[in-house]
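Here's the structure, in structure tokens; my notes come after.
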Amino acid sequence: MIDTLAGRYALGEPLGTGGMARVVAARDLRLDRPVAVKLLAADVVDPLGRERFVREARSSAGFSHPNAVAVYDAGDADGSLFLVMELVDGPSLATALADGPLPLGRAVAVADDVLAALGAAHAAGIVHRDVKPGNILLGRDGRAKLADFGIAKRLDDLSGDLTLTGQFVGTPRYLAPEQVVGEPVTAATDLYA
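For the sequence shown, numbering that gives the first Met the number 0 begins at 0 and goes up steadily by one.
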């Protein structure tokens with residue numbers, strides 16, 4: 000593993016791995032703060048995968064909200080794309096739910112936080128398209144934050160999805176009906192999840 004990325008980010012322990020990327024804890028050496036760095040998997044060389052990664056950076060940077068994971072930087076280091084984000088100091092909602100349901104008050108607070116983040120994204124013209132417990136991070140400060148805008152779509156994007164005809168994007172268990180049948184997504188798509 001690379002010890003320092005782009006001469007600025009000291010990479011640390013792995014935080015998670017997805018289909019296209021892995022996330023590691025890191026330290027921004029210039030600003031002396033903890034961050035999370037998402038690294039596109041080395042075997043993702045196809046233009047579609049790279050474009051999705053770039054789109055995540057643009058979508059995430061396209062709005063700011065206290066309940067959405069902030070994006071600080073993005074770049075290309077020796078052909079490897081990376082995204083630098085706020086480090087949330089707590090588990091995902093999926094991890095928390097593995098121990099059983101949340102207390103009612105906490106569940107309502109998490110829902111309020113996620114809806115606030117979605118409201119900001121929708122106001123900025125962005126549909127997340129993959130709202131699920133694994134993409135909701137629970138900070139120790141009690142705040143929930145929406146993460147992973149990797150398959151987000153701008154509502155005004157008429158160029159179509161970065162998918163093949165007949166395919167859909169998102170996590171099957173949380174897909175809205177319109178995603179399953181390939182119809183256009185709207186803000187309501189996120190609310191279904």
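Idealized CB from N, CA, C, for every residue including glycine.
Measure the C-alpha to C-alpha separation of G74 and L80 and round it to an integer number of angstroms. 6 Å
For V36, name the three-state secondary structure that DSSP assigns. strand
What do you get for Y207, buried or exposed, if any count of 16 or more other CB atoms within 10 angstroms of its CB means buried? No information on residue 207 is available, as it lies outside the stretch 0 to 192 that the chain covers here.
Under 8 Å, with one C-beta from each stretch per pair, do the segment 122-140 and the segment 49-63 reach the 3-pair mark? yes
Tell me whether L161 sits in a helix, a strand or coil according to DSSP, three-state version. Model confidence at L161 stands at a pLDDT of 45, short of 50, so the residue's coordinates are unreliable; what they give is reported in the following sentence. In the structure shown, L161 sits in coil (DSSP, three-state: anything other than H, G, I, E or B).
By how many angstroms is the C-alpha of A95 removed from the C-alpha of L163? Interpretation of L163 is limited by its pLDDT of 46, a score under 50 that renders its predicted location unreliable; no figure is taken from the coordinates.
Among D27, L30, V36, which residue has its Cα nearest to the Cα of R21? V36
Tell me whether the beta-carbon of P33 lies closer than 8 Å to the beta-carbon of L86. yes
Alpha carbon of V130 to alpha carbon of Y173, nearest angstrom: 7 Å
Use the C-beta contact count for T188: other C-beta atoms within 10 angstroms, 16 or more gives buried, fewer gives exposed. buried
Reducing DSSP to helix, strand and coil, say where P90 ends up. coil
What does DSSP give as the partner residue(s) for I150 in the beta ladder? Partner(s): none; I150 has no beta bridge.
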